[in-house]
Ligand code: R7I
Ligand code: MG
Ligand code: MG
């Protein structure tokens, strides 16, 4: 495949991966144990693949980056708030709607989030779950991936763990989307890179531990060591582990993510983004990528994000001449 065609497949894979994982995982969210017969059924009869807030916010991030041709905090915050007002029933966490109310009262986009949870800001996984479009647009510019992931997180998740979760998920996607499929993939190299952008002990400990849980630690040990909850420092490592354990199969990565239980829509959505970025749309089972809600819209946004990424690349090149 030509370079641009291959990238298009991967951009689409990442965006569709977010929605497919989200929609497949949503019926199991918050259930302690996941029924294995139910998981197996997802391949042949997934039922209506409706996405939740994870994808809804991802769409908002893509829309804002495209309209503003890059990151604009005020615009992104207002886009999230507008989308929420249109579809508040998507299963949002408690924090974001509070932020949207504060924005409506005139609090600025970079201040509203820091008032949550008694002033510590949120460490929920909400900033990480929606970060895919930023990773795609800046995939060739690691410093921009880190800074846009962090600034976009700040809108609703100003706790350092909420921010670091978004940075990690974004850096992993940017790394995977440009991985040369002709070169064997080395999980340890990706994990080392990620340790370099996650200074908190919570994340560093899990990134170090993750390698020792590959390739087949028992489920109970994985959930104990990585976690499977709504906190960024649980769901982000869990999703990364689900991908690293099943790097060559989109369906195995996503179904494994759901089998961990807990915050299943979000863990599966983030695992889907990683796997889709790495393997491309063509690796997502046809039934899932055709049936998922808003599939053609997601594909169209992915193509526009690629156009923007290439535009940013050529601006950088001109700048460097
Ligand atoms: O992170 P967020 O957008 O929620 C995303 C989750 C995903 O699972 C979605 O699928 C959806 O179901 O919701 O929303 P937040 O409310 O910011 O964070 C999620 C939750 O994490 C909060 O409602 C709290 O329960 C918890 N939490 C905290 N608890 C105590 N102290 C987040 N930050 C804190 C904190 O600082
Ligand atoms: Mg959700
Ligand atoms: Mg969730």
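In the working numbering, the protein residues as written are 137 to 457.
Backbone N, C-alpha and C fix where the C-beta goes; we use that ideal spot for every residue, glycine too.
If you're wondering where the values come from, they're calculated on a predicted model, not measured in any experiment.
- Taking the Cα positions, residue 291 is about 25 Å away from residue 165.
- Among the bridge pairs identified by DSSP, residue 367 is matched with 260.
- Three or more beta-carbon pairs drawn from the stretch 154-163 and the stretch 411-430 are found closer than 8 Å, and the two stretches are therefore classed as touching.
- With contacts defined as CB atoms closer than 9 Å, residue 342 and residue 362 qualify as a contacting pair.
- A direct Cα-Cα distance of roughly 7 Å separates residue 284 from residue 207.
- Inter-segment contact for the stretch 312-326 and the stretch 392-402 is absent: fewer than three beta-carbon pairs are separated by less than 8 Å.
- Taking residue 364 as reference, the option from 413, 139, 167 with the minimal CA-CA separation is 167.
- Between residue 179 and residue 418, the C-beta gap is not smaller than 9 Å, which leaves the two residues out of contact.
- Boundaries of the alpha helix (DSSP H) around residue 219: 209-222.
- Screening all residues for a C-beta within a distance smaller than 6 Å of any heavy atom in ligand 2 leaves 188, 189, 190, 227, 401, 402, in chain order.
- Within the same chain, 209, 210, 213, 239, 291 come within 7 Å of residue 245 by CB-CB distance, once the 5 residues on both sides are set aside.
- Taking the Cα positions, residue 414 is about 8 Å away from residue 309.
- The Cβ atoms of residue 264 and residue 286 lie no closer than 9 Å to each other.
- Boundaries cannot be given for residue 241, as no alpha helix (DSSP H) includes it and DSSP labels it neither H nor E.
- Excluding residues up to 5 positions away in sequence, 202 lie with their Cβ nearer than 7 Å to the Cβ of residue 440 in the same chain.
- A residue is called buried once 16 or more other Cβ atoms fall within 10 Å of its Cβ, and residue 197 is buried on that count.
- Between ligand 1 and residue 383, a heavy atom-to-CB distance of less than 8 Å is absent.
- Looking from the CA of residue 340, the closest CA among 242, 266, 370 belongs to 370.
- Relative to the non-hydrogen atoms of ligand 1, the Cβ of residue 334 never comes closer than 8 Å to any of them.
- The three-state secondary structure of residue 420, taken from DSSP, is coil.
- If you check the CB distance, residue 151 and residue 305 do not come in under 9 Å.
- Of the residues assessed, residue 347 falls on the exposed side of the cut-off, its CB having fewer than 16 other CB atoms within 10 angstroms.
- For residue 324, the uninterrupted alpha helix (DSSP H) run begins and ends at 323-331, by DSSP.
- Shown here for residue 236: same chain residues with a beta carbon closer than 6 Å to its own, the five before and five after excluded, namely 217, 220 in chain order.
- With 16 or more other Cβ atoms inside 10 Å of its own Cβ, residue 389 counts as buried.
- Check the Cα spacing between residue 139 and each of 432, 399, 412, 442: the tightest is with 442.
- Rounded to whole angstroms, the Cβ separation of residue 400 and residue 227 is 12 Å, and the two are not in contact under 8 Å.
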